[in-house]
Amino acid sequence: MALIELLFRPPSPEEVVRTHGPAVMRQLRRMFGPHADVDDVFQAVFVEVLRSLPRFRAESKLKTWIHRITLNVAYQEMRMNYRSRGTFAPLDDVSEPSTDVDLEADLLDKQSLEILYAGLGQLNEKKRIAVILHDIEGMTLREISERLGRPLPTVASQVKAGRAELAMWMTARHRSSSDIRALGSTP
Amino acid sequence: MNQACQEQGQIMVAYIKQELNPLESARLESHLLNCARCAALEQQLSRSFRVANKWAPQVDDAHLDRLVSRLHPYYESSSRSSSRSSSRSSSRSSSRRRGPMIGMALAMAAMLAIVAVRYSQDSAPVVEPVIAEIQHVNPTQYVRMVTSGNWAGSVQKPSPEKVLIEMTRGFAVVDFTGGHGRTLEIRGPGAVIEVVGTRFYVEIPPEGQSTIVGVAHGKVRVRGTKDTDLLEAGASREYPLEGSARASNAGTAGAYFTDEFLTEPVVVAPAPVATPVAAPRAEPPPSLRKLFARAEALARRGKSREALAIYRGIAESSNEAEAPFRAIARYEMARLLGFSLRQPKAAERIFTELVSAGDPEVAVEARFARCELDLGVDPCASAACLQSLVSAGPAAVTSEARQLLARWKIDTLACDDHKLEPVGRQKE
Chain A
-11 MALIELLFRP PSPEEVVRTH GPAVMRQLRR MFGPHADVDD VFQAVFVEVL
39 RSLPRFRAES KLKTWIHRIT LNVAYQEMRM NYRSRGTFAP LDDVSEPSTD
89 VDLEADLLDK QSLEILYAGL GQLNEKKRIA VILHDIEGMT LREISERLGR
139 PLPTVASQVK AGRAELAMWM TARHRSSSDI RALGSTP
Chain B
295 MNQACQEQGQ IMVAYIKQEL NPLESARLES HLLNCARCAA LEQQLSRSFR
345 VANKWAPQVD DAHLDRLVSR LHPYYESSSR SSSRSSSRSS SRSSSRRRGP
395 MIGMALAMAA MLAIVAVRYS QDSAPVVEPV IAEIQHVNPT QYVRMVTSGN
445 WAGSVQKPSP EKVLIEMTRG FAVVDFTGGH GRTLEIRGPG AVIEVVGTRF
495 YVEIPPEGQS TIVGVAHGKV RVRGTKDTDL LEAGASREYP LEGSARASNA
545 GTAGAYFTDE FLTEPVVVAP APVATPVAAP RAEPPPSLRK LFARAEALAR
595 RGKSREALAI YRGIAESSNE AEAPFRAIAR YEMARLLGFS LRQPKAAERI
645 FTELVSAGDP EVAVEARFAR CELDLGVDPC ASAACLQSLV SAGPAAVTSE
695 ARQLLARWKI DTLACDDHKL EPVGRQKE
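Top to bottom, those sequences are chains A and B. With the first letter of the first sequence counted as 1, position 3 gets the number -9 in the numbering used here; the numbers rise by one all the way through. With the first letter of the second sequence counted as 1, position 202 gets the number 496 in the numbering used here; the numbers rise by one all the way through.
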């Protein structure tokens, strides 16, 4: 009977973390940005996963179930840190572009990513998570609605409003940095 | 920013994501041709989303190991809960598998106790992995050890009654049952520990310049470089390579180990760094899953023949999707034949076939089951069978065979002396 138990045995807690940890970490980084320290959020996700694992009924795939928990924990984290916006790093550490073409492209990519996440950090948590899931994670509005338990029209309007605010913030940022550059070049 | 820019900005991401209708797109493109600021915004947003969409942050192994270690305290409660729920759902579970799960939970509990002792002073929240990795070394029936993962040393048995352990690194909790002239000696830097029958704790600090000894039960005689002490329960001293022994508060951790823990061999998770995640066996089709569950339920209710018929059906099925599970079905058939229906020869024949068949996981299980067949009638033959796995099998098999030998409590010393005679095989 040992083999049957082996066949149907749930994975051990450590196996769960080792197997699904990299995907959770990738997802958290994509949700919180390149500079965010998401170790604590990662721990919170797996504390919740391990706590609930004995009750996991295999009605969905473990991966899907963990993804859902990750979203919920990340969302809670965003709500708690919205005021401080501590997880979104400032942009002042971006280096000057190099003359090397590839390196320059890499730096521009890095800078673009940082600008995007800095802009996302300005949104409230509901809009932010909606835009991240839809426009970065590639989830459909219906999937987001199901995962977050929000009505479809609400999700749609949050994505729309979030995108508009993001564009506004980027425009304002572009204008202020142009103004600063202009001030700097004034004799 | 004028009204037009504001309006176009609101739909800019939708434009980049190609969600606008042709009319809206054309209107926006026309605006971009005449507005440098909006064109810059479009370029910026477009690049940002393109980079973000293809961004796949990597997690390096060392970082993952750290995160896995941080979660160690939570594994224990989770595995305890799951072992409880799995024991409810599982059948007349094999004597082999259930024990280790219970042992594991106990091991983790004991481990946490030790960690609490060692780290309560500085309240470090992270469990040190080296301490968290524990392993069992059971050189004989009467010496059981739980060691840290970084334990280093050798275990020798110069005579049937004497065990000699030389430790150079790590810690060990040792449980020794004396009597019958048995002796145990442990040598570490600066100390020789002579044991009469007790439970105690030995640690070699990282610098390797001393040996710490703590006694949980009984008495231990320790010969240091300058002193010889008789340590009693609760006492703990550190014996340096040079100089006199001094009191130590580190050696009382042995008291946290329960009787069950020390006598119950455990399957120990290897070091987090080295843990390979085994490729999971493919999921059985739902219909097959139901069949296995039904057969298992029948077997649990004592309806072995009905269960056997189901397993035979699976084993002889021509359905390709069920092919990977035929060996398991045959294995279960053999177990029913051997342990419930008293047909050990038929069971042995199937187990032997499975040992040489292609499924390695089933082959290992079949080898153990074949040894188990003799347990009721000829424990020494079972022990010899397991002993052959200890000496010939791969590392995982060797380790489990050792643990089984301990679990079955076969006094191999007595077997050596021919004190245990076979009681006669049951008739088929």
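Every residue, glycine too, gets a C-beta built ideally from N, C-alpha and C. These numbers come from a predicted model, not from an experiment.
For residue i, count the other beta carbons within 10 Å of its own beta carbon; 16 or more makes it buried, fewer makes it exposed. Which is it?
i: Leu91(A); result: exposed
i: Gln15(A); result: buried
i: Gln338(B); result: buried
i: Arg43(A); result: exposed
i: Ser505(B); result: According to the sequence as given, residue 505(B) is Thr; it is not Ser. Buried, because 16 or more other Cβ atoms sit within 10 Å of the Cβ of Thr505(B).
i: Glu536(B); result: exposed
i: Ser581(B); result: exposed
i: Ala346(B); result: buried
i: Asp123(A); result: buried
i: Gln146(A); result: buried
i: Pro452(B); result: exposed
i: Thr462(B); result: exposed
i: Glu577(B); result: exposed
i: Thr128(A); result: exposed
i: Gly607(B); result: exposed
i: Ala418(B); result: Any reading at Ala418(B) must be qualified, since the residue scores a pLDDT of 31, below 50, and its modelled position is unreliable; no value is offered.
i: Arg661(B); result: buried
i: Gly150(A); result: buried
i: Leu327(B); result: exposed
i: Thr52(A); result: exposed
i: Glu2(A); result: buried
i: Glu501(B); result: exposed
i: Glu336(B); result: buried
Please list, in chain order, all residues of the same chain as residue i whose beta carbon is under 7 Å from its beta carbon, the five residues on each side excluded.
i: Asp521(B); result: Ser538 and Ala539
i: Cys728(B); result: Because chain B is modelled from 295 through 722, residue 728(B) falls outside the range shown and cannot be assessed.
i: Ala609(B); result: Arg620, Ala623, Arg624 and Met627
i: Gln302(B); result: Leu322, His325 and Cys332
i: Arg56(A); result: Arg135
i: Ile(-8)(A); result: Low confidence applies to Ile(-8)(A): its pLDDT is 44, below 50, so where it sits in the model is not reliable, and the reading given next is rough at best. Hits under 7 Å: none found.
i: His162(A); result: none
i: Tyr309(B); result: Ser319 and Leu322
i: Asp653(B); result: Ala621
i: Glu659(B); result: Tyr625
In its own chain, which residues sit with a C-beta less than 6 Å from the C-beta of residue i, not counting the 5 before and 5 after it?
i: Ala244(B); result: As shown, chain B starts at 295 and ends at 722. That puts residue 244(B) outside it, with no answer to give.
i: Gly475(B); result: Glu455
i: Gly632(B); result: Pro638, Ala641 and Leu667
i: Ser542(B); result: Ile506, Ser530, Arg531 and Glu532
i: Arg392(B); result: Low confidence applies here, because Arg392(B) scores a pLDDT of 28, under 50, leaving its location unreliable; read the following figure in that light. No residues qualify anywhere along the chain.
i: Val179(A); result: Examination of residue 179(A) is not possible in this model, given that chain A is present from -11 through 175 alone.
In the DSSP assignment, what are the bridge partners of residue i?
i: Lys725(B); result: This structure leaves residue 725(B) out entirely; chain B is present only between 295 and 722.
i: Pro534(B); result: Ser504(B)
i: Ile459(B); result: Val449(B) and Ile480(B)
i: Val437(B); result: Phe470(B)
i: Ala485(B); result: Gly482(B) and Gly518(B)
i: Ala541(B); result: Arg531(B)
i: Tyr309(B); result: DSSP lists no partner for Tyr309(B).
i: Glu497(B); result: Phe465(B) and Ile506(B)
Less than 8 Å between C-beta atoms, sequence neighbours within five positions excluded: which residues of the same chain meet that for residue i?
i: Val29(A); result: Leu16, Phe20, Val61, Ala62 and Glu65
i: Met13(A); result: Val26 and Phe30
i: Glu153(A); result: Gln110, Leu111 and Lys115
i: Ser40(A); result: Ile57
i: Lys311(B); result: Phe343
Taking any Cβ of chain A, which residues in the segment 594 to 620 of chain B have a Cβ under 7 Å from it, in chain order? none
Would you list, in sequence order, the uninterrupted alpha helix (DSSP H) runs of no fewer than 4 residues that lie entirely inside the segment 96 to 159 of chain A? 113 to 119 and 129 to 136
Could I get the ranges of all uninterrupted alpha helix (DSSP H) runs contained in the segment 608 to 637 of chain B, with 4 residues as the minimum, in chain order? 620 to 629
Mind listing which residues of the segment 24 to 37 of chain A have their C-beta closer than 8 Å to chain B's C-betas, in chain order? Asp27, Phe30, Gln31, Phe34 and Val35
Short-range partners of chain A found in the segment 343 to 372 of chain B, where Cβ spacing is below 7 Å: Phe343, Val345, Ala346, Asn347, Trp349, Ala350, Pro351, Val353, Leu358, Leu361, Val362, Arg364, Leu365, Tyr368, Tyr369 and Ser372
What are the residues of the segment 629 to 651 of chain B that lie near chain A, defined by any Cβ-Cβ distance shorter than 8 Å? Arg629
Please give me, in chain order, every unbroken run of the alpha helix (DSSP H) with length at least 4 that falls completely inside the segment 22 to 49 of chain A. 27 to 40
Pull out every residue of the segment 0 to 22 of chain A whose Cβ sits closer than 8 Å to any Cβ of chain B, in chain order. Ser0, Pro1, Glu2, Glu3, Val5, Arg6, Thr7, Gly9, Pro10, Met13, Arg14, Arg17, Arg18 and Pro22
Please go through the segment 316 to 349 of chain B and give each complete beta strand (DSSP E) segment of 3 or more residues, from N-terminal end onward. none
Using a Cβ cut-off of 8 Å, which residues of the segment 306 to 331 of chain B contact any Cβ in chain A, in chain order? Met306, Val307, Ala308, Lys311 and Arg331
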